[in-house]
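**Q** Sharing a structure here in structure tokens format.
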Amino acid sequence: MLERAFGQIPKTVFEKARFQMPEADVVVVGNRTTLRNFRSIANDLNREPDHLLKFLLRELGASGNIEGTQAVFQGRFTKSMVDERIRRYAEEFVLCKECGKPDTKLIKQERFYVLRCEVCGARAPVRSV
Numbered sequence: 039m040l041e042r043a044f045g046q047i048p049k050t051v052f053e054k055a056r057f058q059m060p061e062a063d064v065v066v067v068g069n070r071t072t073l074r075n076f077r078s079i080a081n082d083l084n085r086e087p088d089h090l091l092k093f094l095l096r097e098l099g100a101s102g103n104i105e106g107t108q109a110v111f112q113g114r115f116t117k118s119m120v121d122e123r124i125r126r127y128a129e130e131f132v133l134c135k136e137c138g139k140p141d142t143k144l145i146k147q148e149r150f151y152v153l154r155c156e157v158c159g160a161r162a163p164v165r166s167v
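Read in order, the letters of the sequence shown correspond to residues 39 to 167 in my numbering.
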């Protein structure tokens with residue numbers, strides 16, 4: 039009877055990776071690179087767009103700004119370069135260090151940031167951007 043009950047539970051319940059890393063929609067025009075889905079990436083990661091932009095600018099070594107729902111960088115950057123930086127951002131500032139879940143809050147305490155997991159309650163200090 040117990041085996042039959044387990045058989046009726048959907049397979050997605052047992053999957054550990056429910057978090058899909060957002061992919062960048064990058065367009066290069068001249069010497070400018072536009073990340074067209076910047077706001078949706080920030081929303082998917084549940085982080086402030088300014089924090090994500092600051093990280094990307096520092097990691098890419100470029101200047102840039104937010105224009106509407108997209109981010110514009112000075113310089114030519116490929117989709118794979120931007121995707122790699124977004125993955126690094128998620129590993130450092132979004133995913134819990136203990137359980138690996140994306141359900142975290144970034145809290146500023148005095149002079150530094152703390153990543154607090156809403157699932158397991160773990161707290162981990164993270165570097166400032």
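For each residue, glycine too, the CB sits at the ideal point set by N, CA and C.
If you're wondering where the values come from, they're calculated on a predicted model, not measured in any experiment.
Between Ile124 and Gly45, what straight-line distance do the alpha-carbon atoms span, to the nearest angstrom?
**A** 37 Å
**Q** Quick check: Gly102 and Val110, are their CB atoms within less than 8 Å of each other?
**A** Against a cut-off of 8 Å, the Cβ pair of Val110 and Gly102 comes out as a contact.
**Q** Scan the segment 46 to 103 and note each continuous beta strand (DSSP E) run of 3 residues or more that stays entirely inside, going in chain order.
**A** Here the runs fully enclosed are 64 to 67 and 70 to 73.
**Q** So, Arg161 versus Val152, is the Cβ gap smaller than 8 Å?
**A** yes
**Q** Can you round the beta-carbon distance between Gln112 and Arg70 to whole angstroms, since I take them to be within the 8 Å contact cut?
**A** Going by Cβ atoms, the distance from Gln112 to Arg70 rounds to 6 Å, so yes, they are a contact pair.
**Q** Below 7 Å CB to CB, which residues in the same chain sit around Glu130 once its five sequence neighbours on both sides are set aside?
**A** Val164
**Q** What residue does the beta strand (DSSP E) around Lys146 start on, and which one ends it?
**A** Segment Thr142 to Gln147, the beta strand (DSSP E) holding Lys146.
**Q** Measuring only the C-alpha atoms, how far is Thr72 from Tyr127?
**A** 18 Å
**Q** Return the bridge partner residues of Glu105 from the DSSP annotation.
**A** Gln108
**Q** Any idea if Arg85 is buried or exposed, counting beta-carbon neighbours within 10 angstroms, 16 or more meaning buried?
**A** If you draw a 10 Å sphere on the C-beta of Arg85, you find 16 or more other C-beta atoms in it, and that means buried.
**Q** Checking 8 Å against the spacing of the C-beta atoms, do Leu83 and Pro60 come in under that value?
**A** yes
**Q** Can you tell me the Cα-Cα spacing of Ala80 and Glu41, whole angstroms?
**A** The alpha-carbon atoms of Ala80 and Glu41 are separated by roughly 42 Å.
**Q** Tell me where the beta strand (DSSP E) around Ala162 begins and ends.
**A** Arg161 to Val164
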